[in-house]
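Colleague: Encoded as structure tokens, here's the structure I'll be asking about.
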Amino acid sequence: MSDNSKITTLLPDNIAALTAYSSAKSEKLTGTTWLNANESPYSRTPNINLTDLNRYPDPQPQQVITRYACYANLEPEQVLMTRGADEGIELLVRTFCSPAKDSIALFLPTYGMYKVTADTHNIAINGLTQELLLKGTVDEIVTAVADSKLVFICNPNNPTGSMTSLDKIRKITQQLAGKAIVVVDEAYIEFCPEQTAASLINEFCNLVVLRTLSKAFALAGLRTGFTLANSELLAPIRKVIAPYPVSTVVASIAADALSSDNIASMRRQVTILNSLKAKLKSWLEQSPAVIKVLSGEGNFVTLKLKDKQSFNIALEQGLVMRAFTLYGENDWLRISIGNEQELEQVKIWLDGLSLTSN
Ligand code: PMP
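So for the sequence shown, full-length UniProt numbering puts the first residue at 1; every next one is plus one.
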């Protein structure tokens with residue numbers, strides 16, 4: 001076998017130094033109750049009929065685009081379908097940023113893929129704080145992001161659940177017109193649909209909204225997302241995207257998920273998940289094993305444990321949640337909202353911890 005260590009000498013410095021995104025599935029954990037990836041507990045077999053698999057697919061499947069545009073209250077030309085919202089992030093960085101010239105702004109703590117994508121493409125990061133985004137004035141925020149090309153606002157923010165008001169997003173976008181693009185990542189927006197920034201797309205050419213079918217639509221396995229923006233902004237991205245990004249199989253399942261019946265069913269599931277979240281939040285707030293609970297919007301609750309060992313106790317019980325380092329502390333945990341039975345496992349774990357904490 002040839003010397004594999006030589007491969008590293010062929011890598012550009014930024015890729016050699018890259019820390020890959022640690023996805024929930026890459027951690028190789030074992031368990032029986034999975035509440036670590038903000039997935040939906042509801043799984044459904046899609047009603048699809050596949051033909052023409054000998055042919056290349058429509059690069060942007062028309063029925064899916066029309067249905068999503070209708071769902072998002074936009075025009076079809078304002079919708080680009082991607083391989084998950086993650087591909088949308090990647091395409092934005094690849095299309096709009098030049099290494100050694102541009103940077104992206106993000107408000108930490110936030111979703112990890114913005115940084116991984118920027119690092120992959122050798123794009124500098126202007127790392128700001130959620131505190132600035134939430135408590136700072138529009139002028140302070142605009143000054144802080146002034147030199148960045150893309151400004152990522154995760155709304156609701158993963159993992160804190162916090163929300164930036166639409167009024168603030170509107171003002172930031174207005175002040176950055178002609179200078180930067182504001183990217184509002186709405187992966188979890190179905191859990192608080194009234195707060196979407198999608199309608200602002202009709203006002204601003206420098207606004208992008210990212211969406212996904214992975215969360216409320218219960219299709220994380222499908223790998224489908226949407227990049228929403230005006231056609232002027234989408235045009236260069238359409239030049240960069242792979243020739244056939246969406247398979248015929250994916251397009252059929254996505255079209256089915258976006259039928260009016262299935263959208264109505266998704267909304268009913270969201271109502272149930274939001275009420276289960278309120279229940280989980282109250283258990284956590286009462287638990288002596290928990291120091292702090294961050295619960296805003298989204299299908300998850302993030303908390304700080306009194307003792308990190310509690311996470312290992314959960315794993316021993318087959319209960320898998322996402323451990324996090326937040327604010328420099330490694331005893332944070334994010335729990336995805338599962339179904340009633342799954343949350344019962346969380347309750348059993350918390351009750352066991354209470355006995356030892358008291
Ligand atoms: N944005 C946020 C805030 C997320 O939490 C996630 C997934 N965890 C994504 C984007 C990626 O979504 P997708 O599965 O569509 O790639």
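C-beta atoms are modelled at their ideal positions from N, C-alpha and C, and glycine is treated no differently.
(1) Quick check: the region 22-33 against the region 173-191, are there 3 or more CB pairs under 8 Å?
(2) Any idea what DSSP makes of Ile7, helix, strand or coil?
(3) Assuming Ile201 and Thr95 are in contact, meaning their beta carbons sit under 8 Å apart, how far apart are those beta carbons, in whole angstroms?
(4) Expressed to the nearest angstrom, what Euclidean distance is found between the alpha-carbon atoms of Asp102 and Leu294?
(5) Just to confirm before moving on: does the CB-CB distance between Leu350 and Ser287 stay below 8 Å?
(6) Figure out for me which residue from Met163, Met113, Glu329 has the closest Cα to the Cα of Ser23.
(7) If you measure between the beta carbons of Val208 and Lys168, is that distance less than 8 Å?
(8) Between which residues of its own chain and Thr212 is the CB-CB distance below 8 Å, once the five residues before and five after are set aside?
(9) Is it right to say Ser259 is buried, meaning 16 or more other beta carbons lie within 10 angstroms of its own, or is it exposed?
(10) How about Ala187: is its Cβ closer than 7 Å to a heavy atom in the ligand PMP?
(11) Out of Ile348, Ala218, Lys304, state which residue places its alpha-carbon closest to the alpha-carbon of Ser43.
(12) Is the closest heavy atom of the ligand PMP to the C-beta of Cys205 under 7 Å?
(13) Would the region 291-306 and the region 266-282 be scored as touching if the rule is three or more Cβ pairs under 8 Å?
(14) Tell me the start and end of each unbroken beta strand (DSSP E) in the region 163-208 that is at least 3 residues and wholly inside, in chain order.
(15) Between the beta-carbon of Pro340 and the beta-carbon of Leu273, is there less than 8 Å?
(16) Rounded to whole angstroms, what's the CA-CA distance from Lys215 to Val142? Just pull it up for me.
(17) First and last residue of the alpha helix (DSSP H) that includes Thr82?
(18) Comparing the CB of Tyr68 with every heavy atom of the ligand PMP, is any distance shorter than 7 Å?
(19) Is it a yes or a no for the region 152-162 touching the region 264-272, going by three-plus beta-carbon pairs under 8 Å?
(20) Looking at the unbroken beta strand (DSSP E) that takes in Cys154, where does it start and where does it end?
(21) Can you look up Glu285 in the DSSP assignment and give me helix, strand or coil?
(22) Kindly indicate which residue of Ile348, Gly328, Ile123 has the alpha-carbon position closest to the one of Glu316.
(23) Apart from the five residues just before and just after Asp256, which ones in its own chain have a Cβ nearer than 6 Å to its Cβ?
(24) Name the one or two DSSP bridge partners that Phe96 has.
(25) Runs of 3 residues minimum, wholly inside the region 220-289: which ones carry the beta strand (DSSP E) assignment?
(26) What does the alpha-carbon distance come out to for the pair Gly127 and Val301?
(27) Just the Cα atoms here: how many angstroms apart are residue 364 and Asn122?
(28) Per the DSSP calculation, Glu75 is bridged to which residue(s)?
(29) If we ignore side chains and look at the alpha-carbon of each, how far apart do Met81 and Ile65 end up?
(30) With distances taken Cα to Cα, identify the nearest neighbour of Thr356 among Asp307, Ala254, Val240, Glu190.
(31) Starting from Asn126, follow its DSSP beta bridges and name the residues at the other end.
Modeller: If we stick to the structure as given:
(1) Contact fails: fewer than three Cβ-Cβ distances are below 8 Å.
(2) Looking at Ile7 - three-state DSSP - the assignment turns out to be helix.
(3) Contact annotation, Ile201 with Thr95: C-beta distance approximately 17 Å; criterion of less than 8 Å not satisfied.
(4) Cα to Cα, Asp102 sits roughly 33 Å from Leu294.
(5) Against a cut-off of 8 Å, the Cβ pair of Ser287 and Leu350 comes out as a contact.
(6) It is Met113 whose Cα lies nearest to the Cα of Ser23.
(7) Inclusion of Val208 and Lys168 in the CB contact set at 8 Å is not warranted, their separation being larger than that value.
(8) So the list reads Gly84, Ala85, Ala187, Thr224, Gly225, Phe226, once near-sequence residues are dropped.
(9) Burial call: exposed.
(10) Yes, the Cβ of Ala187 comes within 7 Å of a heavy atom of the ligand PMP.
(11) Per the Cα distances, Ala218.
(12) No.
(13) Contact between the region 291-306 and the region 266-282 is present: three or more C-beta pairs spanning the two stretches fall below 8 Å.
(14) Listed in chain order, they are 181-185.
(15) In the sequence as presented, Pro is not what sits at residue 340; that position holds Glu. No, Cβ-Cβ distance for Glu340 and Leu273 is not below 8 Å.
(16) In a straight line, the C-alpha of Lys215 is about 31 Å away from that of Val142.
(17) Taken as a continuous stretch (DSSP letters only), Thr82 belongs to no alpha helix (DSSP H), being part of the beta strand (DSSP E) at 79-82.
(18) Residue side-chain check: Tyr68 keeps its Cβ at 7 Å or more from all non-hydrogen atoms of the ligand PMP.
(19) No, the region 152-162 is not in contact with the region 264-272.
(20) That run of the beta strand (DSSP E) goes 150-154.
(21) Here Glu285 sits in helix by DSSP.
(22) Nearest option by C-alpha distance: Ile348.
(23) Cβ neighbours of Asp256 beyond the five flanking positions: Pro46, Asn47, Ile48.
(24) Bridge partners of Phe96: none, in fact.
(25) Listed in chain order, they are 225-228.
(26) In this structure, the straight-line span from the alpha carbon of Gly127 to that of Val301 is close to 24 Å.
(27) Outside the modelled stretch of the chain, which goes from 1 to 358, sits residue 364, for which no answer is possible.
(28) DSSP, once it has assigned bridges, lists no residue as partnering Glu75.
(29) Distance between the alpha carbons of Met81 and Ile65: 7 Å.
(30) Answer by Cα proximity: Asp307.
(31) According to DSSP, Asn126 bridges with Ala105.
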